[in-house]
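Student: Yeah, the sequence shown ends on 250 if you go by the numbering used here, and it's all consecutive. Glycine included, each C-beta is placed from N, C-alpha and C at the ideal position.
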Amino acid sequence: MFGSRKGASGAGTLLMIVAFLGIGGFMYWLNQTAVSAASAVVVEEEPEEEPTSGDGAVVTIGDFTANPAGYEGQSIRLQGIEIVSKLGNHAFWTKLTNDQPYLVRVGPTLMEGLELTSGGTATVTGTVRMMSDSVLDAWQAGGSFANDVNRIEAEFAESYIDATRVTAGAAAPADAAGSGS
């Protein structure tokens, strides 16, 4: 019994062949996995940069209308926005594409020499910020509101653009709405 190796040589050869095939299959699997992982790295794309002009990323008014709060803290540039009306001494309302008013604050130094007229257009670069009572208090202390009604009006804004650059454009033509001719 001890030392009997009768029939052991056949099983040893078979086990050796199975072991080599197993190792070969494992190496093949590792090779294929490594190739697809390397390919995935090659396929990886670099993020596209927003086209910029001035200090902020150019955003269309339609994109901004979809989610103004989504741009919070970002410096953006809106081109050719309509000036609906002035608000106090340092702000104006514009209209988004869904006819909702939106507040733009223009600091006192930017306001000097700037002609903002209702019905005109402007290109605004600035940071989107959320409105709060402390912001309104600071504006009131800084003389941004001509009267208490202006503050009450500004309280309706959920967010606003704190402008760092404003370029006033021409007034919109009277028949721009389209008379059907």
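By DSSP's criteria, THR163 is part of a beta bridge. Which residues make up the other side?
Tutor: BP columns for THR163 point to ILE152, TYR171.
Student: Out of ASN167, ASP168, MET199, point me to the one whose CA is closest to ARG174's CA.
Tutor: Of ASN167, ASP168, MET199, the residue nearest in Cα terms is MET199.
Student: Look up MET200 in the DSSP assignment and say whether it is helix, strand or coil.
Tutor: Three-state DSSP puts MET200 in coil, outside helix and strand.
Student: Inspect the beta-carbon positions of GLY189 and ILE230 and report whether they are closer than 9 Å.
Tutor: In this structure, ILE230 does not lie closer than 9 Å to GLY189 by Cβ.
Student: Considering only the alpha carbon of each residue, which of SER203, GLY212, SER201 lies closest to MET180?
Tutor: For the residues SER203, GLY212, SER201, the minimum Cα distance to MET180 belongs to GLY212.
Student: Quick one, are the C-beta atoms of THR178 and ARG146 less than 9 Å apart?
Tutor: The answer is no: Cβ separation not under 9 Å.
Student: Please tell me whether PRO137 and TYR97 are closer than 9 Å, where the distance is taken between their beta carbons.
Tutor: Contact: no.
Student: Count the other C-beta atoms from every protein chain shown that fall within 10 angstroms of the C-beta of VAL218, then say buried if there are 16 or more, exposed otherwise.
Tutor: Looking at its Cβ environment, which holds fewer than 16 other Cβ atoms inside 10 Å, VAL218 is exposed.
Student: In terms of residue numbering, what span does the beta strand (DSSP E) encompassing VAL218 cover?
Tutor: Here VAL218 belongs to no beta strand (DSSP E); instead the alpha helix (DSSP H) covers 217–223.
Student: Tell me whether LEU183 sits in a helix, a strand or coil according to DSSP, three-state version.
Tutor: DSSP places LEU183 in coil when its eight states are reduced to three.
Student: Straight-line CA distance for ASP132 to ILE150?
Tutor: Using only the alpha carbons, I get a separation of about 13 Å.
Student: Residues in the same chain with beta-carbon distance under 6 Å from GLU184, minus the five sequence neighbours each way, listed in chain order, please.
Tutor: Here the set comprises ALA237.
Student: Grab me the residues of TRP208's own chain with a C-beta within less than 6 Å of its C-beta, minus the 5 sequence neighbours each way, in chain order.
Tutor: The answer is none, since no qualifying residue turns up.
Student: Within 10 angstroms of its Cβ, does LEU156 collect 16 or more other Cβ (buried), or is it exposed?
Tutor: Looking at its Cβ environment, which holds 16 or more other Cβ atoms inside 10 Å, LEU156 is buried.
Student: Please report the distance separating the alpha-carbon of ALA246 from that of ASN216.
Tutor: Note that ALA246 has pLDDT 43, beneath the 50 cutoff, so the model's placement of it is unreliable and no number is given.
Student: In the DSSP assignment, find the unbroken alpha helix (DSSP H) run with ALA135 in it and report its ends.
Tutor: That run of the alpha helix (DSSP H) goes 130–135.
Student: How would you label GLY125, buried or exposed, when you count the other beta carbons within 10 angstroms and need 16 or more for buried?
Tutor: Looking at its Cβ environment, which holds 16 or more other Cβ atoms inside 10 Å, GLY125 is buried.
Student: When burial is assigned at 16 or more other CB atoms within 10 Å of the CB, is PHE214 buried or exposed?
Tutor: Per the 10 Å Cβ criterion, buried.
Student: Measure the CB-CB distance between GLN169 and THR134 and report whether it falls below 9 Å.
Tutor: Contact flag set, yes.
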